[in-house]
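Peer 1: A single structure is presented below for examination.
There are 2 protein chains.
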Amino acid sequence: MANTVDQQHQLLYLLGRPTEPIFVPKGDRGAVFDIPSNDFLAERFQDVAGDLGTRFGEDTNVRVPVRNITLPDLSFPMRLGRQENFSLFLPWHREMATRLIEIFMGMRTYEDFLAVSVYARDRVNPYMYIYAMSVAILHRPDTRGLQLPPMSEILPEKFVDGGVFDRAREQSNVRNEGTRVPIEIPRDYTASDLEEEHRVAYFREDVGINLHHWHWHLVYPFQAPLNIVRKDRRGELFFYMHQQIQARYNFERLCNRLGRVKRLLNLREPIEEGYFPKLDTLVASRNYPPRPSGSKLSDINREADQIRFDIADLERWRDRIIEAIQIGRVINTKGEVVELTEEGGIDILGDIVEASILSINPNLYGNVHNLGHFLLALPHDPDQRHLETFSVMADPTTAMRDPVFYRWHAFTDDLFQIHKRTLPSYPANKLDYQGVRITNIEVTTKGAGKNEMTTFWEQNDIDLSRGLDFTPRGPVFARLTQLQHETFTYKIQVENTSNSQRMGTVRIYLAPKFDERGQPWLFRDQRNMFIELDKFVVTLGRQKTSTITRESSQSSITIPFESTFRDLESSRPSTGGQALEAFNYCGCGWPQHMLIPRGTPEGFPCQLFIMISDIKDDMVEGSSAGNGACAESASFCGIRDKKYPDRRSMGYPFDRVPRSGVDTLQQFLTPNMAVTDVRIVFTNRTEPGRSVSNQLP
Amino acid sequence: MANTVDQQHQLLYLLGRPTEPIFVPKGDRGAVFDIPSNDFLAERFQDVAGDLGTRFGEDTNVRVPVRNITLPDLSFPMRLGRQENFSLFLPWHREMATRLIEIFMGMRTYEDFLAVSVYARDRVNPYMYIYAMSVAILHRPDTRGLQLPPMSEILPEKFVDGGVFDRAREQSNVRNEGTRVPIEIPRDYTASDLEEEHRVAYFREDVGINLHHWHWHLVYPFQAPLNIVRKDRRGELFFYMHQQIQARYNFERLCNRLGRVKRLLNLREPIEEGYFPKLDTLVASRNYPPRPSGSKLSDINREADQIRFDIADLERWRDRIIEAIQIGRVINTKGEVVELTEEGGIDILGDIVEASILSINPNLYGNVHNLGHFLLALPHDPDQRHLETFSVMADPTTAMRDPVFYRWHAFTDDLFQIHKRTLPSYPANKLDYQGVRITNIEVTTKGAGKNEMTTFWEQNDIDLSRGLDFTPRGPVFARLTQLQHETFTYKIQVENTSNSQRMGTVRIYLAPKFDERGQPWLFRDQRNMFIELDKFVVTLGRQKTSTITRESSQSSITIPFESTFRDLESSRPSTGGQALEAFNYCGCGWPQHMLIPRGTPEGFPCQLFIMISDIKDDMVEGSSAGNGACAESASFCGIRDKKYPDRRSMGYPFDRVPRSGVDTLQQFLTPNMAVTDVRIVFTNRTEPGRSVSNQLP
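Chains A and B supply the protein sequences, listed in that same order.
With this note's numbering, letter number 331 in the first sequence gets 335, and the count goes up by one each step, no holes.
With this note's numbering, letter number 486 in the second sequence gets 490, and the count goes up by one each step, no holes.
Written as structure tokens, this is what we have:
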């Protein structure tokens with residue numbers, strides 16, 4: 005181990021400190037990449053190539069051999085300057101990134117891949133590099149076992165207050181490793197309570213949530229080599245994952261006495277919500293432009309970004325999509341009519357609306373969601389006259405911070421809902437599970453009353469040092485405050501009257517009990533408020549009654565705490581001695597600490613819904629949640645290399661308008677379902693989290 | 005010299021790299037301040053105090069002894085956080101700075117001053133520190149001989165594209181001193197030509213012009229200990245210096261086919277001009293907020309900034325001032341009526357409008373100019389709900405970059421013009437100089453036709469390294485492109501028919517020959533377009549005719565090139581072997597390279613006006629331009645410790661409406677005046693300037 009560097013660390017070194025050139029020693033051990041020739045050095049270092057050997061890494065014997073390869077032509081991806089910002093929502097940027105991904109994916113061996121990664125690193129735009137490398141590492145057979153470091157450690161600038169970096173630089177330079185003090189970032193750093201929308205900033209700006217969104221788009225890129233993009237039910241998952249984000253955000257809003265998000269329907273009206281992200285793009289040497297309240301959108305025509313579209317284009321695409329939905333069929337590029345079926349229609353629509361390269365007819369249905377993001381990212385400089393970059397809305401790593409993200413997705417989600425409203429309701433017999441009956445459900449939380457869940461603030465540390473290019477080594481922590489909850493346990497009492505062993509899928513959802521007026525819901529509205537908490541397969545024995553017990557931490561939508569807050573390079577258990585779980589390709593997944601909404605001090609009234617569905621309509625051959633590589637957050641992210649593990653429409657049983665006669669949740673229930681009132685009690689206290697390091701107070 | 009540090013360097017060390025703590029070795033020689041006790045260390049370093057000695061400066065024997073003093077109470081100035089931005093336009097910030105200035109000014113000896121400077125450095129806000137230190141160094145008797153480094157080297161972030169610093173950091177870390185390459189900042193980095201206003205960005209964003217504005221406010225603070233604020237005719241100079249800026253800006257605009265600036269009269273209308281400064285506030289860890297086009301102003305109520313005023317307040321103050329001007333008298337705080345006389349009225353008005361602490365009645369006439377700056381600096385966050393800092397408009401170092409600066413000052417200048425219009429015209433006999441007659445004037449420029457002046461672009465380097473905290477030592481240059489002109493020579497043929505030796509003041513002005521429609525001017529408009537080029541005293545011998553020759557570089561409004569571009573610490577002549585002139589308290593002064601407007605490729609038609617006025621009405625006892633410490637830019641900045649060296653109203657002879665019957669410049673002339681047509685020919689070529697270092701290309 006002494007002088008060798010394993011593959012895991014080789015990749016960490018390439019991804020960390022993205023503006024420190026390749027020849028600067030990497031990591032705590034000062035590892036050096038042994039490039040086979042100076043051709044590997046970027047142009048701008050060629051004049052000092054002879055000089056470098058004597059300046060860097062002479063004293064290290066930790067060396068990474070780099071194979072000599074036929075160097076690829078990077079001229080196309082290099083057209084994006086190294087100091088530019090990079091947006092996945094910009095077709096031109098995507099094309100460059102796709103070319104880079106193709107190069108990375110096309111290398112025959114790991115050693116060739118490593119060599120080309122070394123060659124490209126100081127040449128192409130660092131953001132594009134990290135994105136393309138991440139996609140390649142996730143999808144290359146020979147790197148799949150490797151762990152991607154959390155993006156929040158590679159590019160902390162996209163996740164935490166830009167104001168922290170100067171203080172971190174001081175810490176790093178002035179203090180020895182043992183004496184560095186975590187830098188506390190206040191919970192309220194982007195706005196004050198004068199701004200109503202700020203009440204739910206803890207959700208929008210949560211590091212784990214934004215990491216999830218980034219990872220989701222990494223697993224499900226909408227443009228990349230086709231074999232990467234084409235994944236089982238990816239269009240439908242685009243709908244469902246974002247629908248759940250909306251439901252969760254609305255839930256948080258109700259907990260904070262804000263109404264549900266208004267759909268952004270009129271693109272000609274000033275946008276009321278202002279947002280000042282206070283994030284720097286350290287690499288791009290600019291900060292993310294803010295959007296003052298009352299900003300107006302404009303047609304986009306940005307020469308240097310090679311993009312031009314009108315608000316009217318978006319309006320036309322939107323209207324065509326709605327018309328197609330309401331007719332029930334779309335037209336593909338060959339002019340053929342394709343039905344939007346009950347089962348497959350939503351998947352086709354997801355690809356159309358997003359739009360991914362799988363869209364059935366990009367010319368006709370355009371690029372509503374992606375270009376909407378871009379439109380909303382540029383009210384300040386639609387024609388690039390001010391040479392400004394786009395705002396957080398054009399970057400999946402940061403878009404969820406902005407209140408307008410949810411207004412835009414309230415609109416796109418509504419497109420899907422129009423479709424869902426055209427589909428047949430589930431008749432009772434498609435919901436029921438003959439012979440299986442839930443007789444009681446209950447939630448218990450340590451130290452809380454029956455059917456109470458509890459939340460509080462928790463502080464956790466993120467190591468910024470991989471983003472602090474050109475500073476002394478060793479961790480420098482930022483201390484964030486986030487929502488957290490006590491783990492809780494579901495207890496489900498089931499009657500099996502079938503006299504035989506039965507299998508079923510337990511589906512657990514939660515919704516607010518009342519709407520923003522404090523009135524009980526109509527089911528047709530409440531169904532969109534249900535957030536999925538868990539889904540898992542159970543086997544019911546022959547005995548008549550049994551009790552199913554399930555821990556909140558086992559949730560199939562979340563990834564564990566350690567995925568968000570861990571230090572991959574370090575071998576010491578930085579999270580309080582708890583064994584670190586493998587951090588795998590997923591990274592994708594809702595953060596466990598955000599499993600339930602915040603609630604209120606007096607206890608926010610909710611309804612817990614649990615059903616057990618018939619396995620014969622759920623089961624997918626060879627795929628089930630909790631089984632397979634990267635299955636931790638199967639509901640939101642699918643399972644790697646497998647089909648989506650639940651054959652039902654995503655969101656089942658709430659994805660349809662209810663059958664006739666059902667106005668309330670109670671009326672909706674079949675015997676295999678149960679509802680109980682629960683309360684989420686929030687305590688305004690702050691506790692140290694498991695990642696909090698043992699450094700000086 | 006070896007182990008001692010002269011006072012000049014002591015101050016450089018305190019002002020440079022403002023976020024590197026006092027105990028980090030300073031300057032190229034790694035000098036260390038020997039603090040007499042750990043009490044001198046800021047609170048946040050107390051826990052590692054024991055550790056510091058072994059980490060920093062052990063190997064240096066270049067030491068600055070620091071005297072033990074009774075430590076002052078800094079709690080008031082420390083109320084501004086170290087990571088906040090600092091604005092002179094904010095009363096609360098000014099009060100804190102004033103307290104700090106009082107502490108610095110109150111130290112009895114240089115050693116005590118040094119000690120308190122060391123003590124305060126890591127405690128108070130770095131921007132406030134630099135400001136207060138600068139005022140103190142300029143005004144303390146024992147530091148007056150010392151040179152302030154150009155602010156553009158201490159805080160380069162306020163003068164150059166923020167995008168340069170990451171590249172500079174790379175240079176500094178990756179390359180040895182001898183191999184560092186100047187980083188070129190393109191001339192068009194804030195906007196493109198799509199933005200009409202950008203055509204004159206080279207003026208607004210000129211480093212020398214912004215340095216001048218900063219220095220002017222340093223020499224003429226509007227709040228500070230009274231003996232510093234109260235300078236001869238400071239109110240009038242506020243009017244005149246800013247009037248000349250407006251004239252110069254309008255001149256540049258006409259050269260670029262833009263009309264004169266529109267006054268900002270209606271504060272309720274959206275502001276058309278957007279501005280994206282692309283400056284970082286490195287110390288405050290934020291960048292300067294941009295102002296998108298169409299921004300609206302709002303009443304200001306910012307709790308944390310301790311400021312609250314309404315647009316209606318500004319409107320009332322404005323209306324009261326106009327009424328007072330039109331009545332011809334103001335009311336002081338005792339309720340007494342004070343006449344706005346022909347001679348002293350403008351000075352009273354200047355203090356009222358600005359407003360300085362000399363304002364005759366702050367309650368009644370308010371704070372129009374300063375709070376207007378602040379209002380215009382905050383359309384994006386008037387109530388601080390977004391926790392945003394103010395824009396460039398709230399900082400004298402940066403305000404002149406913003407197009408709205410000129411719209412605001414077009415309005416404030418108009419207030420003074422209303423007053424000037426109430427004053428009697430100069431009768432011909434107050435203009436003429438009996439016996440002195442100008443028979444011919446001419447301008448010659450090497451390589452150009454008769455009466456042609458020529459301009460071009462020139463590149464010059466600024467050392468960024470004093471602003472690159474925590475990077476290796478040694479200069480890292482940014483290369484800027486600025487307007488420059490060939491030096492030219494005035495030749496003035498004079499007839500003296502008095503048979504005796506006469507003295508007079510030569511006054512040289514330049515104005516565009518035509519207005520924005522291409523039509524000849526009415527004199528009443530053109531008079532406000534005249535920019536002062538020079539003013540100097542001549543003695544005319546007894547001979548009847550004589551020729552006065554004067555070089556453009558001798559201008560009494562400018563400071564020499566070296567004041568903007570020099571490296572004080574370095575002993576090598578970095579400006580191409582040319583001896584460096586003493587850079588003195590002035591710093592204040594129009595940059596020589598911006599003496600004349602850009603002109604046009606085809607030759608911009610101008611009128612050169614020269615008069616010789618009678619010395620008996622000009623002379624001020626014991627003060628004359630070009631004579632005394634800091635007299636280089638006497639017209640714009642006065643002379644240190646002396647009266648303003650010209651007794652005439654500033655702007656004479658153009659500061660009044662013309663006498664009856666005068667509609668054109670020609671009609672205005674008396675025999676001691678002359679006018680000739682000249683052209684300014686601009687060539688779109690770029691040349692290396694004198695500061696361009698000999699580093700690698």
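A virtual CB, placed ideally from N, CA and C, is assigned to each residue, including glycine.
1. Between which residues of its own chain and Asn-503 (chain B) is the CB-CB distance below 7 Å, once the five residues before and five after are set aside?
2. Straight-line CA distance for Leu-3 (chain A) to Val-70 (chain A)?
3. For the putative contact between Met-615 (chain B) and Asn-676 (chain B), defined by C-beta atoms under 8 Å, what is the C-beta separation to the nearest angstrom?
4. Can you check whether the C-beta of Arg-179 (chain B) is within less than 8 Å of a C-beta belonging to chain A?
5. Hey, Gln-4 (chain B) and Glu-536 (chain B): beta-carbon distance below 8 Å or not?
6. Considering only residues of the same chain and omitting the five flanking positions on each side of Ser-575 (chain A), which have a CB-CB separation below 8 Å?
7. Across the segment 100-109 of chain A and the segment 120-133 of chain A, are there enough close Cβ pairs to call them in contact, namely three or more that are closer than 8 Å?
8. Between Ser-91 (chain A) and chain B, is any beta-carbon pair separated by less than 8 Å?
9. Helix, strand or coil for Cys-610 (chain B) per DSSP?
10. Going by Cα to Cα distance, which pick from B:Ser-560, B:Gly-508, B:Asp-529 is closest to Pro-704 (chain B)?
11. Can you grab the Cα-Cα spacing for the pair Thr-449 (chain B) / Leu-94 (chain B), in whole Å?
12. When the Cα of Met-525 (chain A) is compared with those of A:Ala-381, A:Arg-144, A:Pro-609, A:Ala-328, which residue comes out closest?
13. Taking the straight line between their C-alpha atoms, what separation do you get for Asp-77 (chain A) and Phe-474 (chain A)?
14. How many Å lie between Tyr-135 (chain B) and Ala-101 (chain B) at the Cα?
15. If distances are taken between C-alpha atoms only, which option among B:Asn-177, B:Arg-689, B:Ile-141, B:Asp-681 comes closest to Lys-454 (chain B)?
16. How would you label Pro-81 (chain B), buried or exposed, when you count the other beta carbons within 10 angstroms and need 16 or more for buried?
17. Near His-390 (chain B), which residues of its chain fall below 8 Å by C-beta distance, leaving aside the five closest residues on each side in sequence?
18. Provide the residue(s) that pair with His-221 (chain B) in DSSP beta bridges, ordered along the chain.
19. Applying the criterion that 16 or more other CB atoms from any shown protein chain within 10 Å of the CB defines a buried residue, is Arg-112 (chain A) buried or exposed?
20. Anything in chain A within Cβ reach of Phe-280 (chain B), meaning under 7 Å, just list it in chain order.
21. Within 10 angstroms of the Cβ of Ala-398 (chain B), are there 16 or more other Cβ atoms? Answer buried if so, exposed if not.
22. So which residues of chain B does Pro-293 (chain A) contact, with C-beta pairs closer than 9 Å?
23. Within 8 Å of any Cβ in chain B, is that where the Cβ of Ser-578 (chain A) sits?
24. Taking CB distances under 8 Å as the criterion, tell me whether Ala-46 (chain B) reaches chain A.
25. Taking the alpha-carbon positions, what's the Leu-19 (chain A) to Asn-7 (chain B) distance?
26. For Tyr-133 (chain A) and Pro-296 (chain A), which I take to be in contact (beta-carbon distance under 8 Å), what is that distance rounded to the nearest angstrom?
27. Would DSSP call Asn-129 (chain A) helix, strand or coil?
28. Three-state secondary structure (DSSP) at Ser-575 (chain A)?
29. What does His-384 (chain B) touch in chain D if you count any residue whose Cβ is under 9 Å from its own?
30. On the criterion of 16 or more Cβ atoms from any shown chain inside 10 Å, does Ala-172 (chain A) qualify as buried, or is it exposed?
31. Whole angstroms is fine: what's the gap from Met-457 (chain A)'s alpha carbon to Arg-694 (chain A)'s?
32. On the DSSP bridge assignment, give the partners of Phe-518 (chain A) in chain order.
33. Counting only beta-carbon atoms, is Phe-587 (chain A) nearer than 8 Å to chain B?
34. CB-CB under 6 Å to Lys-647 (chain B), same chain, minus the five flanking residues each way: which ones, in chain order?
35. By DSSP, does Pro-595 (chain A) sit in helix, in strand, or in coil?
36. So Leu-487 (chain B) and His-597 (chain B) are in contact, right, with Cβ under 8 Å, and what is the actual spacing, rounded?
Peer 2: Result, derived from the coordinates:
1. As a position in the second sequence, residue 503 (chain B) is number 499, starting the count at 1. Excluding sequence neighbours, Asn-503 (chain B) sits near Arg-546.
2. This structure does not reach residue 3 (chain A), given that chain A is present from 5 up to 701, and the question cannot be answered.
3. For the purposes of this step, residue 615 (chain B) is taken as residue 611 along the second sequence, with counting starting at 1. For the purposes of this step, residue 676 (chain B) is taken as residue 672 along the second sequence, with counting starting at 1. Indeed they touch by this definition, with Cβ atoms about 6 Å apart.
4. Within the second sequence, the letter at position 175 stands for residue 179 (chain B). Judged by the 8 Å Cβ criterion, Arg-179 (chain B) is in contact with chain A.
5. For chain B, the structure presents residues 5 to 701; residue 4 (chain B) sits outside this window and is missing.
6. As a position in the first sequence, residue 575 (chain A) is number 571, starting the count at 1. Note that Ser-575 (chain A) scores a pLDDT of 40, beneath 50, so its modelled location is shaky; the value from the coordinates is reported in the next line. Cβ within range, chain order: n/a, list empty.
7. yes
8. Stepping through the first sequence from its first residue, residue 91 (chain A) is reached at position 87. Judged by the 8 Å Cβ criterion, Ser-91 (chain A) is not in contact with chain B.
9. The residue given as residue 610 (chain B) occupies position 606 in the second sequence. It is a strand residue.
10. There is no way to answer for residue 704 (chain B), as the model of chain B reaches only from 5 to 701.
11. Translated into positions along the second sequence, residue 449 (chain B) becomes position 445. Translated into positions along the second sequence, residue 94 (chain B) becomes position 90. Approximately 46 Å between the Cα atoms of the pair.
12. By one-based count along the first sequence, residue 525 (chain A) stands at place 521. Residue identity differs from the one stated: residue 525 (chain A) is Trp in this sequence, not Met. Per the Cα distances, A:Pro-609.
13. Here residue 77 (chain A) corresponds to residue number 73 of the first sequence, with the count starting at 1. Here residue 474 (chain A) corresponds to residue number 470 of the first sequence, with the count starting at 1. Rounded to whole angstroms, Asp-77 (chain A) to Phe-474 (chain A) spans 29 Å at the Cα level.
14. Numbered from 1 along the second sequence, position 131 holds the residue referred to as residue 135 (chain B). Numbered from 1 along the second sequence, position 97 holds the residue referred to as residue 101 (chain B). Those two C-alpha atoms are separated by around 8 Å.
15. Your numbering for residue 454 (chain B) matches position 450 in the second sequence. The residue with the shortest Cα to Cα distance from Lys-454 (chain B) is B:Asp-681.
16. Translated into the one-based positions of the second sequence, residue 81 (chain B) becomes position 77. It is buried - the Cβ of Pro-81 (chain B) has at least 16 other Cβ atoms within 10 Å.
17. Within the second sequence, numbered from 1, the residue matching residue 390 (chain B) stands at position 386. Its chain contains His-384 as the residues whose beta carbon lies nearer than 8 Å to that of His-390 (chain B), once the 5 sequence neighbours on both sides are disregarded; these appear in chain order.
18. Position 217 of the second sequence, counting from 1, holds the residue named residue 221 (chain B). Bridge partners of His-221 (chain B): none, in fact.
19. The residue labelled residue 112 (chain A) in the question sits at position 108 within the first sequence. Per the 10 Å Cβ criterion, exposed.
20. In the second sequence, residue 280 (chain B) corresponds to position 276, counting from 1. In chain order: His-390, Glu-392.
21. Stepping through the second sequence from its first residue, residue 398 (chain B) is reached at position 394. Classification for Ala-398 (chain B): buried.
22. What you label residue 293 (chain A) is simply residue 289 of the first sequence in a count that begins at 1. By Cβ distance, chain B contributes Phe-280, Pro-294, Pro-296.
23. Along the first sequence, one-based indexing puts residue 578 (chain A) at 574. Model confidence at Ser-578 (chain A) stands at a pLDDT of 35, short of 50, so the residue's coordinates are unreliable; what they give is reported in the following sentence. Closer than 8 Å: no.
24. Along the second sequence, read from residue 1 onward, the residue named residue 46 (chain B) stands at position 42. Answer no: the Cβ-Cβ gap between Ala-46 (chain B) and chain A never drops below 8 Å.
25. Start at 1 with the first residue of the first sequence, and residue 19 (chain A) comes out as number 15. Start at 1 with the first residue of the second sequence, and residue 7 (chain B) comes out as number 3. Cα to Cα, Leu-19 (chain A) sits roughly 45 Å from Asn-7 (chain B).
26. On the first sequence, position 129 is the one that residue 133 (chain A) refers to. On the first sequence, position 292 is the one that residue 296 (chain A) refers to. Going by Cβ atoms, the distance from Tyr-133 (chain A) to Pro-296 (chain A) rounds to 33 Å, so no, they are not a contact pair.
27. Counting from one through the first sequence, the residue named residue 129 (chain A) turns up at place 125. Asn-129 (chain A): coil per DSSP, three-state reduction.
28. Residue mapping note: residue 575 (chain A) aligns to position 571 of the first sequence, counting from 1. Unreliable placement is indicated for Ser-575 (chain A), whose pLDDT of 40 sits below 50; the coordinate value is still reported in the next sentence. Residue state, collapsed to three classes: coil.
29. Given the protein chain composition of this structure (A and B), no chain D is represented.
30. Locating residue 172 (chain A) in the first sequence gives position 168, counting from the first residue. So Ala-172 (chain A) counts as buried.
31. Here the question's residue 457 (chain A) lines up with position 453 in the first sequence. Here the question's residue 694 (chain A) lines up with position 690 in the first sequence. Whole-angstrom Cα-Cα distance: 20 Å.
32. The residue you call residue 518 (chain A) lines up with position 514 of the first sequence. A:Pro-524.
33. Looking up residue 587 (chain A) in the first sequence gives position 583. Because Phe-587 (chain A) carries a pLDDT of 36, less than 50, the predicted location of this residue cannot be relied on, and the following value inherits that uncertainty. Output row for Phe-587 (chain A): interface = no.
34. By one-based count along the second sequence, residue 647 (chain B) stands at place 643. Same-chain partners within the cutoff: Asp-236, Val-624, Ser-627.
35. Walking along the first sequence from the start, residue 595 (chain A) turns up at place 591. Residue state, collapsed to three classes: strand.
36. Counting from 1 along the second sequence, the entry for residue 487 (chain B) is found at position 483. Counting from 1 along the second sequence, the entry for residue 597 (chain B) is found at position 593. At roughly 6 Å, the Cβ-Cβ gap stays under 8 Å, so Leu-487 (chain B) and His-597 (chain B) are in contact.
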